[in-house]
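Numbering (our numbering), first residue to last: 53 to 379.
Even glycine gets a Cβ: it sits at the ideal position worked out from N, Cα and C.
Below is one structure, written out as structure tokens, with a few remarks after it.
Here it is as structure tokens:
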């Protein structure tokens with residue numbers, strides 16, 4: 053039980069930034085603060101001011117806490133020779149050649165991309181020597197200050213190492229199997245965190261101690277004579293019209309292709325309606341014919357239409373005795 057309690061306290065100590073070495077370093081500070089609080093000023097006490105308060109030490113920016121990178125494009129007459137010179141320059145400065153890629157275009161001109169890693173203190177000199185190999189077309193240089201990251205990782209590494217050491221001490225004192233198993237799991241976890249911190253620290257050290265220069269070398273291309281500006285002629289108009297026609301046809305084809313699936317679906321629905329659905333629908337009865345002003349002609353004895361009845365004779369009018377006409 054005591055070991056488990058100690059393990060919990062160790063975990064709390066591991067989450068902070070304090071360690072055994074940090075405690076020894078802060079002892080003069082604490083003593084100076086106590087004496088200052090009692091009315092005694094301690095001149096030269098690290099991390100204390102006149103009021104006994106603790107102030108943070110300023111972080112110093114050095115060449116080993118800055119990541120330098122550069123990108124350089126140079127046009128040369130002979131790429132292999134310029135590459136050999138760049139390799140010699142990097143090796144003389146104490147660096148080395150990283151990735152290298154060489155290509156050749158259709159005209160036979162070579163182009164090479166190479167990554168150089170050189171010490172930070174020789175960075176400016178190497179960059180100047182590379183610029184002198186030919187005509188500089190493009191140059192980009194960056195400097196990233198990672199002082200805070202370097203200090204933070206160093207502090208975390210110290211704390212994690214002290215935490216791992218404390219867990220190992222507890223394992224030496226453990227007598228129960230359950231305590232040993234718990235401590236082994238905790239030790240594995242803390243050692244993994246320590247390895248990650250050490251890996252990050254090594255990466256920062258590599259990037260700050262060695263500058264990275266990406267060099268692009270290309271041969272001088274053959275310049276073509278510029279064509280004089282001329283007014284457009286018939287062939288130019290014909291070429292432009294053909295281009296417009298091709299563009300219009302292409303867009304029409306795209307529009308038809310976009311509409312075609314929907315048109316096929318609509319045609320299929322119409323075919324189903326006409327062939328299957330519509331014939332099965334009940335038909336409405338035809339309306340009765342209304343009688344007209346003329347009588348219906350009955351068929352005659354021979355099957356033909358019967359003769360229409362002769363009109364009745366109209367009596368002739370005769371004069372009336374009063375002098376009018378009498379019907």
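Item: Exposure of residue 291, with buried meaning 16 or more beta-carbon neighbours within 10 Å; Value: exposed
Item: Nearest neighbour of residue 161, chosen from 140, 242 and 271 [CA to CA]; Value: 271
Item: Cα-Cα separation between residue 243 and residue 262, rounded to whole angstroms; Value: 28 Å
Item: Where residue 150 falls: helix, strand or coil (DSSP); Value: strand
Item: Distance between residue 249 and residue 169 (C-alpha atoms, nearest Å); Value: 24 Å
Item: Residue 226 vs residue 235 beta-carbon contact at 7 Å; Value: yes
Item: Status (buried if at least 16 other CB within 10 Å, exposed otherwise) for residue 148; Value: exposed
Item: In chain order, each beta strand (DSSP E) run of at least 3 residues that lies wholly inside the region 222 to 302; Value: 262 to 271
Item: Residues of its chain near residue 123, where Cβ-Cβ distance is below 6 Å and the 5 sequence neighbours each way are ignored; Value: 192 and 266
Item: Start and end residues, beta strand (DSSP E) containing residue 195; Value: 187 to 197
Item: Nearest residue (CA-CA) to residue 126, options 151, 119, 190 and 138; Value: 190
Item: Where residue 145 falls: helix, strand or coil (DSSP); Value: coil
Item: Distance, residue 167 Cα to residue 154 Cα; Value: 12 Å
Item: N- and C-terminal bounds of the beta strand (DSSP E) containing residue 173; Value: Where residue 173 is concerned, there is no enclosing beta strand (DSSP E), given that its DSSP letter is neither H nor E.
Item: Assumed close pair residue 246, residue 213 - CB separation to whole angstroms, cut-off 8 Å; Value: 6 Å
Item: Counterpart residues of residue 213 in DSSP-defined beta bridges; Value: None, per the DSSP bridge assignment.
Item: First and last residue of the uninterrupted beta strand (DSSP E) at residue 381; Value: Residue 381 lies beyond the residue range present for the chain, which begins at 53 and ends at 379; the question has no answer from this structure.
Item: Span separating the alpha-carbon of residue 251 from that of residue 216; Value: 17 Å
Item: Identity of the residue in 136, 222 and 307 nearest residue 185 by Cα; Value: 136
Item: Buried or exposed (CB count within 10 angstroms, at least 16 for buried), residue 120; Value: buried
Item: Whole-angstrom distance between residue 258 and residue 198, CA atom to CA atom; Value: 12 Å
Item: Buried versus exposed call for residue 305 [16 or more other C-beta atoms within 10 Å across all chains shown]; Value: exposed
Item: Bridge partners - residue 165, DSSP secondary structure assignment; Value: 153 and 268
Item: DSSP state of residue 334 mapped onto helix, strand, coil; Value: coil
Item: Cβ neighbour criterion (16 or more within 10 Å) applied to residue 289; Value: exposed
Item: Assigned secondary structure, residue 108 (DSSP; H/G/I helix, E/B strand, else coil); Value: Note that residue 108 has pLDDT 41, beneath the 50 cutoff, so the model's placement of it is unreliable and no number is given.
Item: Coil, strand or helix - residue 316 by DSSP; Value: helix
Item: Assigned exposure category for residue 260 - 16 Cβ within 10 Å defines buried; Value: buried
Item: Residue 91 burial status per 10 Å Cβ neighbour count (16 or more: buried); Value: Unreliable placement is indicated for residue 91, whose pLDDT of 38 sits below 50; the coordinate value is still reported in the next sentence. Residue 91 comes out exposed.
Item: Closest Cα partner of residue 145 within the set 315, 128, 175 and 163; Value: 175
Item: Anticipated Cβ contact below 8 Å, residue 256 with residue 202, distance rounded; Value: 6 Å
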